[in-house]
Amino acid sequence: MAYYRQVGDVPPKRHTQFRRPDGGLYREELVGAEGFSSDSSLLYHRFVPSAIVGAWVWELPDQTLVANMPLRPRHLRLPELFPGQEHKAADAVTGRRLLLGNGDVRISYVVASVASPYYRNAVGDECVFVEGGSATVETSFGTLDVGPGDYVVLPRTVIHRWVPTGPDPLRLYALEASGHIAAPSRYLSRYGQFLEHAPYCERDLRAPVEPMLVQGTDVEVHVRHRLGRDGLAGTVHVFPQHPFDVVGWAGCLYPYAFNVADFEPITGRVHQPPPTHQVFEGRNFVVCNFVPRKVDYHPQAVPVPYYHSNVDSDEVMFYVDGNYEARRGSGIGRGSVSLHPGGHSHGPTPGAVERSLGVEHVDELAVMVDTFHPLDLGEGALAVDDGDYAWSWSRPGTDT
Numbered sequence: 434m435a436y437y438r439q440v441g442d443v444p445p446k447r448h449t450q451f452r453r454p455d456g457g458l459y460r461e462e463l464v465g466a467e468g469f470s471s472d473s474s475l476l477y478h479r480f481v482p483s484a485i486v487g488a489w490v491w492e493l494p495d496q497t498l499v500a501n502m503p504l505r506p507r508h509l510r511l512p513e514l515f516p517g518q519e520h521k522a523a524d525a526v527t528g529r530r531l532l533l534g535n536g537d538v539r540i541s542y543v544v545a546s547v548a549s550p551y552y553r554n555a556v557g558d559e560c561v562f563v564e565g566g567s568a569t570v571e572t573s574f575g576t577l578d579v580g581p582g583d584y585v586v587l588p589r590t591v592i593h594r595w596v597p598t599g600p601d602p603l604r605l606y607a608l609e610a611s612g613h614i615a616a617p618s619r620y621l622s623r624y625g626q627f628l629e630h631a632p633y634c635e636r637d638l639r640a641p642v643e644p645m646l647v648q649g650t651d652v653e654v655h656v657r658h659r660l661g662r663d664g665l666a667g668t669v670h671v672f673p674q675h676p677f678d679v680v681g682w683a684g685c686l687y688p689y690a691f692n693v694a695d696f697e698p699i700t701g702r703v704h705q706p707p708p709t710h711q712v713f714e715g716r717n718f719v720v721c722n723f724v725p726r727k728v729d730y731h732p733q734a735v736p737v738p739y740y741h742s743n744v745d746s747d748e749v750m751f752y753v754d755g756n757y758e759a760r761r762g763s764g765i766g767r768g769s770v771s772l773h774p775g776g777h778s779h780g781p782t783p784g785a786v787e788r789s790l791g792v793e794h795v796d797e798l799a800v801m802v803d804t805f806h807p808l809d810l811g812e813g814a815l816a817v818d819d820g821d822y823a824w825s826w827s828r829p830g831t832d833t
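Position in the sequence shown counted from 1, then plus 433, gives you this note's numbering.
See the structure below:
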């Protein structure tokens, strides 16, 4: 993320004295990626950002993963994860239910109605898609007001919390990376500017526009961090002063939001492959979105996807809204997640190809994650797996 921003009060030159009105020094903190070798921002604190006065273990939500064995495609019914009024006591961090994961990314879902604790993911960046509801995301960089269709990208180590707003519960689809999440490199110049062929650009990104200063003492922050080589753990740190004490910041690393409605789909005469729809990339995974769009205009075009084998990746599709003609008869609907693992050919259900002929526009909204290492199943997936999806291509009646 190489788009420079400056918010609040900062000194004219970095690493120089910057004084408070009472004459004391503000504390400068570098928040950076890849050590000192990639994007960073400089934050100016009222208090010492390293100071903590307490620490204890935070038991993370169940992070258990089991292999997808025997290997088969899966259909997860997310609306069943939070039935009735269970969301009333859930928050956007501790209430997450783990669906799928591997060493590179974990995918969770939550329906939340109460404010989350202050939270720092010290393992990797997060990309959270807002399926429904609205919230203010409070961060040490300032606030973001977000709603349906927003991706919220939160760089590793940024302290933040989710505060639901409005009458509807907050429904979030969260990608927790073990590294960084960014725009695809092919969309960017060698200096980091979005190129003309990119389906979105800097103008579409919303970042905090003013500092958020909060008074408080003995503030608890939940930290998700690494344990050993591959493990995950949780700790609560207690800050003597509120960590939202930044009077200004400047740089190229910060939280931001991007709405899927600002993604300009790329179409062609014949069906375009999924990389055309890519929106983000991480280490060993990519994120794509399928938005309402005009489709293939060759006179003999087949508008639905062709059958394809995932040789190098597992494919996860979150069906957010619209009509999913290619999946008719499979049980897929709004709020569904499908997992098509490497080693299984998949594509439209029988009859979908014939029904699609002559279609000029599709009304669908979906978020896809392709991972280049196999995905295991979390407790959330096991709880809402329909158990029947694998047979949908051979089920009697799906060709009508």
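The C-beta atom is built at its ideal place from N, Cα and C for all residues, glycine as well. Note that the structure is predicted; figures quoted are calculated from it, not measured.
A direct Cα-Cα distance of roughly 14 Å separates GLY456 from PHE480.
Per the C-alpha coordinates, the member of GLY599, PHE469, GLU513, TYR477 positioned closest to ARG452 is TYR477. Taking C-beta atoms as the reference points, PHE672 and ALA484 count as a pair closer than 9 Å.
Here the C-alpha atom of ALA631 lies approximately 22 Å from the C-alpha atom of ASP796. Its Cα nearest to that of LEU810, the residue HIS773 stands out among TYR620, HIS773, THR782.
Under DSSP, ASP754 shares a beta bridge with LEU798. By the Cβ criterion, the region 463-472 is in contact with the region 583-594, since at least three pairs of Cβ atoms, one from each stretch, lie closer than 8 Å. Using a Cβ-Cβ distance cut-off of 8 Å, the region 621-641 and the region 554-564 are not in contact, since fewer than three pairs of beta carbons, one from each stretch, lie closer than that value.
Within the same chain, LEU509, ILE540, SER541, TYR542, VAL770, GLY811, GLY813, ALA814 come within 7 Å of LEU532 by CB-CB distance, once the 5 residues on both sides are set aside. Closest by C-alpha distance to PRO600, out of GLY580, GLY441, PRO725, ALA610, is GLY580. Counting every other CB atom within 10 Å of its CB across the protein chains shown gives SER546 a total of 16 or more, marking it as buried.
Segment contact: the region 677-694 against the region 490-500, fewer than three CB-CB distances shorter than 8 Å; contact not assigned. The region 715-733 makes contact with the region 796-808; the number of CB pairs closer than 8 Å reaches 3 or more.
The continuous stretches of beta strand (DSSP E) do not include GLU787, which lies in the alpha helix (DSSP H) extending over residues 785-789. LEU808 and ARG447 have their alpha carbons spaced roughly 43 Å apart. Cβ atoms of VAL544 and ARG604 come within 8 Å of each other, at about 5 Å.
Just so you know, the alpha carbons of ARG619 and TRP826 end up roughly 35 Å apart.
Exposed is the label assigned to ARG636, since fewer than 16 other Cβ atoms lie within 10 Å of its Cβ. DSSP places GLU812 in the uninterrupted alpha helix (DSSP H) bounded by 812-817. DSSP places PRO707 in the helix class (H, G or I) of the three-state scheme. Listed in chain order, the beta strand (DSSP E) elements of length 3 or more contained wholly in the region 683-731 are 689-692, 711-715, 718-723. Nearest neighbour of VAL596 by Cα position, chosen from LEU577, ALA607, HIS613, turns out to be LEU577. Sequence-distant partners of SER778 (beyond 5 residues in either direction) whose C-beta falls short of 6 Å from its own C-beta, in its chain, are TYR740, SER742.
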